[in-house]
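In what follows, a single structure is set out as structure tokens and then discussed.
In my numbering, the protein residues as written are 9 to 286.
Right under this line is the structure:
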């Protein structure tokens with residue numbers, strides 16, 4: 009995780025105005041997810057293996073922008089130019105770090121909305137904000153111009169098993185549920201600053217007495233790289249709309265079924281490529 013501290017933090021901090029009625033902030037976050045995949049032994053050319061690993065890396069490095077006020081926020085992924093030859097690769101290889109859609113939070117009402125596209129269908133997840141049992145600590149560190157305080161929590165996370173996704177058709181699959189997903193309790197470490205007294209943060213994270221500038225789990229680090237208070241170009245913060253309304257539990261079930269289909273399709277395609285031309 010320490011490797012990400014090389015990022016230049018540009019934190020612009022006019023403290024005056026934070027308590028103003030029309031207060032608004034804009035934070036840019038860089039997110040990087042490590043994916044444990046070993047393609048050794050796969051029957052495919054070395055240049056193909058390198059191409060796959062590069063696509064996985066690109067798909068799991070993303071930049072987001074959080075626009076927030078005292079009670080609401082919207083978290084959007086920044087668009088990046090697709091690299092030549094990538095095709096539809098990132099959508100396949102970004103399974104460990106799904107972008108979803110714009111993540112809207114209303115901490116006053118305790119609800120969130122996120123508009124997701126899943127294989128051509130639009131879903132509107134509308135549910136209660138997840139709450140973590142944060143433990144506030146006394147440890148601090150400097151992030152840009154801010155003193156950040158450490159907080160930790162335990163969270164149950166269920167993720168696609170990338171190793172199973174890359175397993176060829178016909179290989180041993182005694183426990184499909186265990187193969188397709190990995191669920192475990194992980195420690196979440198957040199660094200927040202009381203200098204910006206809003207209960208906001210990247211994605212689903214919130215609930216601390218200050219803006220979350222950095223948050224990590226076992227594989228992902230999300231780090232604030234730029235922060236502007238009361239930007240000249242104000243943006244409207246509003247909840248997304250449209251799509252089929254579902255709860256998070258309902259959406260997870262649908263996504264699980266669709267991912268299983270994608271995994272089977274990929275295994276079949278991968279097997280054909282692996283056994284084809286060199």
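Heads up, the beta-carbon is just placed ideally off N, CA and C, and yes, glycines get one too.
Whole-Å CB distance - residue 196 paired with residue 225, under 8 Å assumed: 5 Å
Meets three-Cβ-pair contact criterion under 8 Å: the segment 128 to 140 and the segment 244 to 264: yes
Close Cβ partners of residue 31 (< 7 Å) along its chain, the five nearest in sequence each way excluded: 25, 77, 78, 238
C-beta contact flag for residue 199 and residue 165 at 8 Å: no
Where residue 139 sits in the DSSP three-state scheme: coil
Limits of the unbroken beta strand (DSSP E) element including residue 83: 80 to 85
At least 3 beta-carbon pairs within less than 8 Å: the segment 137 to 146 vs the segment 211 to 221: yes
Whole-number beta carbon distance between residue 35 and residue 219, since they are thought to touch under 8 Å: About 7 Å separates the two Cβ atoms, so the contact holds.
Residues of its chain near residue 201, where Cβ-Cβ distance is below 8 Å and the 5 sequence neighbours each way are ignored: 151, 154, 155, 156, 157, 218, 219, 221
8 Å contact criterion, which residue 208 and residue 81 should meet: CB distance rounded: 5 Å
Outcome for residue 148 when other beta-carbon atoms lying within 10 angstroms are tallied against a minimum of 16: Exposed: under 16 other Cβ atoms inside 10 Å.
Residue 112 - DSSP class collapsed to helix/strand/coil: strand
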